[in-house]
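For this note's numbering, count along the sequence shown from 1 and bump the result up by 12. Each residue gets a CB set at the ideal place from its N, CA and C atoms; glycine is no exception. This structure is a prediction, so every number in the text was calculated from the model and none was measured. Accompanying notes for the structure given below.
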Amino acid sequence: MPSMITLTMTAVPDHLRGALTRWLLEVTPELYVGTVSAKVRDELWNAVSACVADGIAVLAYPANNEQGFTLRTAGQRHRHVRDFDGLTLVAFRHREAPEGIGQEVAKPF
13 MPSMITLTMT AVPDHLRGAL TRWLLEVTPE LYVGTVSAKV RDELWNAVSA CVADGIAVLA
73 YPANNEQGFT LRTAGQRHRH VRDFDGLTLV AFRHREAPEG IGQEVAKPF
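Put into structure tokens, the structure is as follows:
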């Protein structure tokens, strides 16, 4: 049974963007929506996750759970999807502070 999916990506190759428009509608740059079968959804995700390289991709689709959807992610990201007692939450990974920021600097005298 087909279901609606939402797929967003950043910094991915143009050929991938073009291939996705065969199945999904690009409503804004790098944001795709459409109604596809689970098999097509999984094949599209395999193609996206194989080409994402340094970019980021997030797929949201309906699921039979409390929130009504499931998320898949691929690529370099500062946010990570976590399961918390059956609820999907997004955890933020801390970035390293640049040299000297948040660190005590020795005084010259």
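Going by CA-CA distance only, name the one from the options that's closest to residue i.
| i | options | result |
| --- | --- | --- |
| residue 39 | 17, 56, 77, 49 | 17 |
| residue 75 | 43, 34, 98 | 98 |
| residue 60 | 42, 47, 77 | 42 |
Tell whether a beta-carbon distance below 8 Å holds between residue i and residue j.
| i | j | result |
| --- | --- | --- |
| residue 45 | residue 56 | no |
| residue 47 | residue 25 | no |
| residue 63 | residue 19 | no |
Can you tell me where the beta strand (DSSP E) holding residue i begins and where it ends?
| i | result |
| --- | --- |
| residue 70 | 68–74 |
| residue 60 | Run containing residue 60: none in the beta strand (DSSP E); it sits in the alpha helix (DSSP H), 50–63. |
| residue 99 | 99–104 |
| residue 172 | In the structure as shown, the chain starts at 13 and stops at 121, and residue 172 therefore has no counterpart that could be examined. |
Using 8 Å for Cβ pairs, my map puts residue i next to residue j. What's the rounded Cβ distance?
| i | j | result |
| --- | --- | --- |
| residue 101 | residue 91 | The Cβ separation is near 10 Å, so there is no contact. |
| residue 53 | residue 73 | 6 Å |
Original post:
Taking contact to mean at least 3 C-beta pairs separated by less than 8 Å, is the segment 66–74 in contact with the segment 86–96?
Top reply: yes
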